[in-house]
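Going down the list, the sequences are from chains S and U.
With the numbering used here as the guide, the letters of the first sequence map in order to residues 1 to 290.
With the numbering used here as the guide, the letters of the second sequence map in order to residues 1001 to 1388.
Glycine included, each C-beta is placed from N, C-alpha and C at the ideal position.
Bear in mind the structure is a predicted one, so any value in this text is a computation, not a measurement.
In what follows, a single structure is set out as structure tokens and then discussed.
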Amino acid sequence: MTKETERPEPKNPVEDFLRMDRIPHIWCSGCGIGVVVSSFTDALRKSSFDLNKLAIVSGIGCTGRVAGYIKLDSFHSTHGRPIPFATGLKLANPELKVVVFSGDGDIFGIGGNHFIHAARRNMDMVVICVNNFNYAMTGGQVAPTSPTDANLSTAPYGNFEHPFSLPYLADACGASYVARWTCLHIRRVTKSIQEALDKKGFSLIEVIAPCVTLYARRNRLGDGLNLLKYYYDNSVIQHGADTRTLDIGYQGKMIVGKFIDRERPTFLESMNTHMKKALGDKYVPYGEQP
Amino acid sequence: MKKVKADPKGVLTGAHYLDGDFAIAEGALAAGCRFFAGYPITPSTETAERFAERIPFVGGIFIQMEDEIASITALIGAAWGGRKVMTVTSGPGFSLMMENIGLACMMETPLVIANVQRGGPSTGLPTLVGQGDMMQVRWGSHGDYQIIALSPDSPQECFDLTIRAFNLSEIYRVPVFIMADECVGHMHEKVVIPPADQIEVVERKWYDGPKDKYLPYKPDKDLVPFMVKAGDGYRFHTTGLTHDERGYPVINAECQDWNVRHLSDKITKNADKIIKYEEDQIDKADVVVISYGITSRVAYRAVQLARKAGIKVGTLRLITVWPFPEKRIAELAKKVKAFVVPELNLGQIVHEVERCSAGQAPAVLVSHCGGWVHDPEDILKAIKEAAK
Ligand SMILES: Cc1ncc(C[n+]2csc(CCOP(=O)(O)OP(=O)(O)O)c2C)c(N)n1
Ligand code: SF4
Ligand SMILES: [Mg+2]
């Protein structure tokens, strides 16, 4: 009879992609962030990418902790700044594919300006934004993504501001790939991440996820599983939807899908093409594969 | 430390007539800088313009970012991508960079920032000189840390010190600052750029041990950890959080003590190798004038006049401002009657002189709020007073 301890542990396939020496993670049980991380590691498992050439950058927040758990070259930068950090990383070493994994407040609040310009430049990177409609890490304050009428700790009588529609913003700024899902669309999130990894240029994948501890509790929206399911059930898949129609109201229906998938030269391609035209043979091309 | 000859592609060998801003750009290219991210601000913009003009023929990146926060953060990313990196700015942009200067210190990232100082606070005097950021460069980001700051007094020194700044940043894995000022930045003088094989460049302290043994924050004998870059298969982690040798966050007082003391120690314990100053007629001096940047050139006029008047006056020009040459000042304090410290601010470095002198000799500030340089007569008056 084999003793309990001698039985080989069944290995979870995500373990290859996680820093197991850092588990348990800090997220609350029922938090949606972990679900998105699973989709991400699943996408890594399915993709043919050389994982040594993939880097991940996070900002600060609950979602900002993702970089710390992923076994890639991983960078935990400052609040709002993962996109410029990723810009530097990518331009310094163009053979890298760089993923930015961070929260809605990080990327669209404090870091909004960087998002706008990275999309405009079509900087080659994949931005995965976990939108939990609030600044979770600091205790559930109002965010630029908080739906009007939702209750937040710094909007204790309800939010009266109008939130950003992230896909609409990304589209207007020139992103090459834009999708939105809820985190329970597990396979679709995985597929979008795979597509974005294969895409050259700037990609945004917005994933709506419950923050059970703060946003859900404050607004009495039930436990994590309930809200996960609520978001899923209240979403309508509409690929290619006009990005002007993607506003999210408080506990309302939300349109999800792949909205944008287009070809535009990346920053580096534009630079090399333009400089060759302007300077001819005197130009020393940068970062082109031989 | 691995020293190599400069890559000739970046070296514009010859005698040139350049302003300090241009000389900084040439120094960076000669030192092997191939990544520049910046945002325009007077009086530093010419460095960015020069780099943008030159880099297509050398091979590298110039990118004008959306602001200075993005610029400094992109530098940190690019350094971890394996490049030597720099940006330039002035007061308002420098203020915006502060948070991520802390990140660079915490991640032990080599990078170079030139601050061509103008009059502050706020928008202040965009086109006119100041030296008001000398304490900000030392203390501006939150928490305890150490940086290195150099202060050039001529376009030639802008070139030379930029190369040194890159070398120091690689040796100590720390942000190094070139604290220039509007006068030096915009002054045109002869700048001699030597042949590439006469320029010594320090290579990054690359790790080449077994991949699974790599610890990004394990101090080496010289206290500086080895570095790797993204894409080489180390799958390492780095964070702005307090971290252990693995680069993993550890949120307690013990790790904080280890981490923060390390950031400080690697500079303070190597300070003798970093500190440089220039002295003149100091041995028998009754009064020593301590100055830096453009002010040292103005002070020199006052010193000449004082010597003519028979006063025994020596000079100490700070080339490295941070870490501060505390031992030397303490030594001199025992011998001299007084120090005279002219600055284009209401008193910054003078406080350091006072601290090091520890009551042994008074430090007399000759202040000036900036916008123009001192009248040498004002410095002369202070020297005469101090010599009494
Ligand atoms: C410059 C700065 N300001 C404020 C903070 C405090 N802070 C930490 S996380 C955070 C909000 C994070 O919100 P989000 O990006 O949506 O991530 P979440 O926690 O919701 O996943 C804030 C305001 C900080 N770390 N840095
Ligand atoms: S506070 Fe909210 S977002 Fe943060 S870990 Fe808990 S549930 Fe997730
Ligand atoms: Mg959030």
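Once DSSP output is grouped into helix, strand and coil, what is the label at K200 (chain S)? coil
Check whether the Cβ atoms of K1003 (chain U) and V1201 (chain U) lie closer than 8 Å to each other. yes
In angstroms, rounded to a whole number, what distance separates the CA positions of F267 (chain S) and V212 (chain S)? 39 Å
Does the beta carbon of I1063 (chain U) sit closer than 8 Å to a beta carbon anywhere in chain S? yes
Mind pulling the chain S residues with CB within less than 7 Å of E1066 (chain U)? N113, H114 and H117
At least one CB of chain U closer than 8 Å to the CB of F85 (chain S): is that the case? yes
Tell me whether H185 (chain S) sits in a helix, a strand or coil according to DSSP, three-state version. coil
Residues in the stretch 1206-1239 of chain U having any Cβ partner in chain S nearer than 9 Å: V1228, K1229, A1230, G1231, D1232, G1233, Y1234, R1235, F1236, H1237, T1238 and T1239
So is the beta-carbon of G61 (chain S) under 7 Å away from any non-hydrogen atom of ligand 3? yes
Could you check whether the Cβ of Y1039 (chain U) sits closer than 8 Å to any Cβ belonging to chain S? no
Less than 7 Å between the CB of H1243 (chain U) and some heavy atom of ligand 1, yes or no? no
Tell whether a beta-carbon distance below 8 Å holds between I1076 (chain U) and T1162 (chain U). no
May I ask which residues mark the beginning and end of the beta strand (DSSP E) holding I1349 (chain U)? Unbroken run through I1349 (chain U) is the alpha helix (DSSP H), I1349 to S1357; no beta strand (DSSP E).
Environment of T1123 (chain U) [buried if 16+ CB atoms lie within 10 Å]: exposed
With respect to 7 Å, is the separation between the Cβ of C1158 (chain U) and the closest non-hydrogen atom of ligand 2 below this value? no
Contact test: I33 (chain S) Cβ vs ligand 2 heavy atom, cutoff 7 Å: yes
Provide the residue span of the alpha helix (DSSP H) that contains S58 (chain S), from first to last. That residue, S58 (chain S), is in no alpha helix (DSSP H); its beta strand (DSSP E) goes L54 to S58.
Run down chain U in chain order and give the residues with a C-beta less than 7 Å from the C-beta of R22 (chain S). Y1248
By DSSP, does R1317 (chain U) sit in helix, in strand, or in coil? strand
Whole-angstrom distance between G1185 (chain U) and L1380 (chain U), CA atom to CA atom: 26 Å
Leaving out five residues on either side along the sequence, give the residues of the same chain with a beta carbon under 7 Å from the beta carbon of H239 (chain S). G257 and K258
Taking 7 Å as the cut-off, is the C-beta of T87 (chain S) nearer than that to any heavy atom in ligand 1? no
I1076 (chain U): contacting residues in chain S (beta-carbon distance under 8 Å): S77, F85 and G88
Which residues in the same chain as E1354 (chain U) place their Cβ atom closer than 6 Å to its Cβ, once the five residues preceding and following it in sequence are excluded? A1363
Please report whether the beta-carbon of G68 (chain S) lies at a distance below 8 Å from any beta-carbon of chain U. yes
Is E15 (chain S) close to chain U, meaning its C-beta is less than 8 Å from at least one C-beta of that chain? no
Kindly indicate which residue of U:P1342, U:T1238, U:G1140 and U:K1327 has the alpha-carbon position closest to the one of K1294 (chain U). In the sequence on display, residue 1294 (chain U) carries Ile and not Lys. It is U:P1342.
Between the alpha carbons of V300 (chain S) and A86 (chain S), how many angstroms are there, rounded? The structure shown does not extend to residue 300 (chain S), since chain S is modelled only from 1 through 290, so no value can be given for it.
Confirm the yes/no value for this check: CB of A136 (chain S), any heavy atom of ligand 2, distance under 7 Å. yes
Can you list the residues of chain S that A1070 (chain U) reaches, using a CB-CB cut of under 7 Å? P84 and H114
Since P82 (chain S) and F108 (chain S) are thought to touch, with beta carbons under 8 Å apart, how far apart are those beta carbons, to the nearest angstrom? So it is not a contact: roughly 12 Å between Cβ atoms.
Can you check DSSP and say which residues form a bridge with C129 (chain S)? S:S102 and S:E206
Environment of V236 (chain S) [buried if 16+ CB atoms lie within 10 Å]: exposed
Out of U:D1265, U:V1303, U:D1257 and U:Q1256, point me to the one whose CA is closest to E1279 (chain U)'s CA. U:V1303
Taking 7 Å as the cut-off, is the C-beta of N132 (chain S) nearer than that to any heavy atom in ligand 1? yes
Proximal residues of chain U, C-beta to C-beta of N52 (chain S) below 8 Å: G1231, D1232, G1233 and R1235
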